[in-house]
Structures are given as C-alpha cells and as structure tokens.
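I have placed the structure first, in the form of structure tokens, so that the comments after it can refer back to it.
In mature numbering (1 follows the signal peptide of the UniProt record, and there is no 0), the protein residues as written are -22 to -1, 1 to 300.
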C-alpha cells in the first residue's frame, strides 16, 4: 500500500534527482489537504475541487511549419485554432507528461520532435504542470480524472469545432500522463471512439488495483499499446493494453545501475518510444508463443496483440534492430 507518510518523503527525493519544480495545491482555505488514517484524502478536498488549476492547463500545437515555437490552442476559443497551423486533414498526436514534469520535459519534447521529424501530423502538447508539480503524490493522483476530463473536453471541442477526427487521433502519455491518456480517450469515446492510446509505463501507485474506467485499459480506445519499463514499482506490472511491450524484463533497464527508486527505468519508456518513431523496425517484441510484433512507430504494427518482450542496449540508440 502507498503510505501517506512516504508520499511526503519519496516525492522530495524524486524532485531532487530530477531537478523538477514543485507546487502545492491548496484547498479553499489556503491549506494543503490532509489525510484520513486510511490514507484517503479528507472529504473537504472533495468539496473544494480546485477548478482554477484546471484553467492553467495548456494545449500547444506544433507542426512542421512551427516545430519549435508552439501555438496555444484555447479550449472553446475557435479564433485561437483559426489563427494557428492546425490542419484537420492530418493525423493528430496529443502528448502529455507525468508527475513533477511539464510540457517542456523530455517526456513530451523527445516524442514531439521525433514526430515532427518524420511526419506532418498536428502535434499537441498538454501541460498540466500546475497540478503535476505537487510533491504529494496522492493529491496529484486524486486529480488525474479531473485533468483527463479537461483533456477530453478539449478533444471534443476540436472535434466539433475544428474538424479533428478521432479516427486519426493518437493520445500519448507517460506515468500519470498514461492514465490521463486512457481516461480522456475513454471519455471522448462516449461520443466518438479514439483510434490509439500509447501508455508509457503507466503510474502504478493508487492505480493498479483500480478497475477499467478508473485507470488506463485496452477498452479506452480502438488500439491501446502499453510500454513497460519499471513494471511493478513505479509502473503498472499487469498487462492492460491491446498490446503490452515489456522492455528487457519490464522492470530493470540496462544502463540504469542499481536504480533503487526506479526512476531511471521509469523514464526509459518514453526514450524507447521516441526512438521507435524514427526507427520503426528497431524494437521487435516476442510473445510466449513465438509470435512477433514491433513496438511503437508512427504506424502501430497491426499484428500486435498480447504480451511481448524485447531487448535493448544500455544507451541511446537503444534499438538492436532497424
């Protein structure tokens, strides 16, 4: 069980190691939410959901015409879309980050840059760092469904007002972002089913025991691919996707050393996926029955179904093939 006291210590270590900035979500009285003895959040947080923080979430568009300077698309503001490089005829990727990260973190920028290099897609980066920056893990976990609903609202706005086609939509997320990707796709799917979700080492604590609909699952989209690199520790250790790819043993990654906290292995998932975009034949996974399929890429392997394992090197380039 994820202990509330550990939630105060472990995040500080993570922040120190990653150099991430931190914030604190306050309740209506300006105080940090507290925990019950069972480690659940006190009901006053439920009565004072910090909606203003949802308004700080940004959606920034990058394309080949503006690969470095993004254009902010504003929810329910069609003029912001009309003034941008948005092209509804193209495929769209939505990328989001995890805990104590932001839209400018490598978990977003590596994937964004790889996609822009080899495709002409609309690439939208979701930044929810005002919430993600909180060092108290359970508080951030509590807000994941709210962030996912906000992302879903944006997708539905783009679908109804800007011509986005969910049949050409891929939602990508790392850690908490993987949970957001699945939950937002599921919400959008109530109106129009999302084509693809890429879940990069989905956050485990406070999620793995949840049922489908409360965490990322293969039922969230037509095709849900999961890449596991710190399975059972920081990342979920169960197969939950249309296809699940376990790098090496799925738990320990070469080049990460002892890696007691699992951070290095957890981050490896987005590095591997970003590399698969520019080297789509680089990571060949094998199922227990000997069947093979490639992980990642811009076009997901249509044969990928089930659980696969693949090997990597200890540093970039990580692929053994391609």
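Heads up, the beta-carbon is just placed ideally off N, CA and C, and yes, glycines get one too.
With DSSP as the reference, label residue 203 as helix, strand or coil.
As a working note, residue 203 is residue 225 in the chain shown. DSSP places residue 203 in strand when its eight states are reduced to three.
Cβ-based burial, residue 183 [other Cβ within 10 Å; buried from 16]
Looking up residue 183 in the chain shown gives position 205. Classification for residue 183: buried.
Which partner residues of residue 103 appear in the DSSP bridge assignment?
If you number the chain shown from 1, residue 103 lands on position 125. Its beta-bridge partners are 38, 73.
Rounded straight-line distance, which links the Cα of residue 169 to that of residue 216
Within the chain shown, residue 216 is the residue found at index 238, counting from 1. Within the chain shown, residue 169 is the residue found at index 191, counting from 1. Each residue's Cα considered, the two are about 29 Å apart.
Which residues in the same chain have their Cβ closer than 7 Å to the Cβ of residue 240, if we skip the five residues on either side of it in sequence?
Numbered from 1 along the chain shown, position 262 holds the residue referred to as residue 240. Excluding sequence neighbours, residue 240 sits near 208, 211, 212.
Just the C-alpha distance for residue 59 and residue 259, rounded to the nearest angstrom, thanks.
Taking the chain shown and counting its residues from 1, one reaches residue 59 at position 81. Taking the chain shown and counting its residues from 1, one reaches residue 259 at position 281. For residue 59 and residue 259, the distance between alpha carbons rounds to 35 Å.
Apart from the five residues on each side of it in sequence, which residues of its chain come closer than 8 Å, Cβ to Cβ, to residue 77?
Against the chain shown, residue 77 aligns to sequence position 99. Excluding sequence neighbours, residue 77 sits near -12, -9, 110, 115, 118, 153, 154, 181.
Alpha carbon to alpha carbon, what distance is there between residue 39 and residue 221?
Indexing the chain shown from 1 puts residue 221 at position 243. Indexing the chain shown from 1 puts residue 39 at position 61. Approximately 28 Å, taken between the alpha carbons.
Residue 150 lies in the beta strand (DSSP E); which residues open and close that run?
Counting from 1 along the chain shown, the entry for residue 150 is found at position 172. It spans 147 to 152 - the beta strand (DSSP E) in which residue 150 sits, taken as one unbroken run.
Let's test the definition: count the other Cβ atoms within 10 Å of the Cβ of residue 243 and tell me whether it reaches 16, buried, or not, exposed.
In the chain shown, counting from the first residue as 1, residue 243 sits at position 265. Buried: at least 16 other Cβ atoms inside 10 Å.
Just to check my reading of the structure: residue 159 and residue 74 have Cβ atoms closer than 8 Å, yes? What is that Cβ distance to the nearest angstrom?
Working through the chain shown from its first residue, we reach residue 159 at position 181. Working through the chain shown from its first residue, we reach residue 74 at position 96. Their Cβ separation, rounded to whole angstroms, is 7 Å, which keeps residue 159 and residue 74 in contact under 8 Å.
Just how far apart, CA to CA, sit residue 265 and residue 281?
Taking the chain shown and counting its residues from 1, one reaches residue 265 at position 287. Taking the chain shown and counting its residues from 1, one reaches residue 281 at position 303. Answer to the nearest angstrom: the Cα atoms are 11 Å apart.
Near residue 24, what residues of its chain come up, given a Cβ to Cβ distance below 8 Å and the 5 sequence neighbours on each side ignored?
As a position in the chain shown, residue 24 is number 46, starting the count at 1. Residue confidence is low: residue 24 scores 40 on pLDDT, short of 50, so the model does not pin down where it sits. No coordinate-derived value is stated.
Residue of 47, 195, 53, 162 minimising C-alpha distance to residue 214
Within the chain shown, numbered from 1, the residue matching residue 214 stands at position 236. Measuring from the Cα of residue 214, the nearest candidate turns out to be 195.
What number of angstroms, rounded off, separates the C-alpha of residue 156 from the C-alpha of residue 177?
As a position in the chain shown, residue 156 is number 178, starting the count at 1. As a position in the chain shown, residue 177 is number 199, starting the count at 1. Taking the straight line from one Cα to the other gives about 4 Å.
Between residue 218 and residue 151, what straight-line distance do the alpha-carbon atoms span, to the nearest angstrom?
For the purposes of this step, residue 218 is taken as residue 240 along the chain shown, with counting starting at 1. For the purposes of this step, residue 151 is taken as residue 173 along the chain shown, with counting starting at 1. If I take the Cα positions, the gap works out to 15 Å.
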